[in-house]
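K.L.:
Per the numbering used here: the sequence shown ends with 153, consecutive numbering throughout. Take a look at the following structure, please.
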Amino acid sequence: MAEDFNKLRMLARKLVATDFQKDWLFRLEVEGEPADLDLYVKDIAYNPLEITTDEENYGGVTMSWPTGRVPVKITATMRDNSDRRISAFVCEWCEKAVHADGTVGLPYGADGYVRKVRVYEQRDDGSETLAGEWEMYATTPGETSRSRENGAYKEFPVAFVQFSTATSPAQFL
């Protein structure tokens, strides 16, 4: 079969005109954050929905059954300010969940460790759309690594986990 040149030309024009989402156009917002927190967010990774399954074998056939949802986890690489306010914010947040004496804090209330975390998708025109909102808490203030050879900014990973899959559903675009 001969390829249709007109179809290929139309496809090429459509691909050139398609406005793809740019990887770096996002904003991370955490309830109670320092006002400039998003300025220090280098990158994020998250899976807004994951289904757990159980597999059963029936002879040579395997069936997979959905059994539940996995809490959303967000990992971020953060940079810190010279006064360390970003890492201090994350560490204080983690300490609300599990105190130095080993006791566990309350999830909600004035001293609660659960906060709303929102991810926004931004566009070139300055508008943004909510990509996901979850009630989460910080679980890892990160392993800091430093190098005299690197010359880059101090960075550390941060991990957040959803408190409950029933609290606030993710919104998908």
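Virtual Cβ for every residue (Gly too), placed ideally from N, Cα, C. Given the structure is predicted, the values throughout are model-derived calculations rather than measurements.
Among all the DSSP beta bridges, which residues are the ones paired with G48?
P.N.:
Answer is T32.
K.L.:
Do you know whose CA, among W73, R103 and M58, lies nearest A132's CA?
P.N.:
For A132, the nearest C-alpha among the options comes from M58.
K.L.:
Return helix, strand or coil for D18, following the three-state DSSP convention.
P.N.:
D18: helix per DSSP, three-state reduction.
K.L.:
Within 10 Å of its beta-carbon, does L(-12) have 16 or more other beta-carbons around it, so buried, or fewer, so exposed?
P.N.:
When all chains shown are included, L(-12) counts as exposed.
K.L.:
Would you kindly work out how many angstroms separate the C-alpha atoms of D(-16) and A(-8), rounded to a whole number?
P.N.:
Rounded to whole angstroms, D(-16) to A(-8) spans 13 Å at the Cα level.
K.L.:
Which residue marks the beginning of the alpha helix (DSSP H) containing V70, and which one marks its end?
P.N.:
Residues R65 to A77.
K.L.:
Below 8 Å between beta carbons: does that hold for V50 and T33?
P.N.:
No; because the gap between Cβ atoms is not below 8 Å, this pair is not in contact.
K.L.:
From the DSSP output, in three-state form, read off L5 for me.
P.N.:
Coil, per DSSP.
K.L.:
Hey, which unbroken runs of the beta strand (DSSP E) at 3 residues or more fall wholly within the segment 83 to 149?
P.N.:
Complete beta strand (DSSP E) runs here, min 3: 95 to 102, 108 to 120 and 135 to 142.
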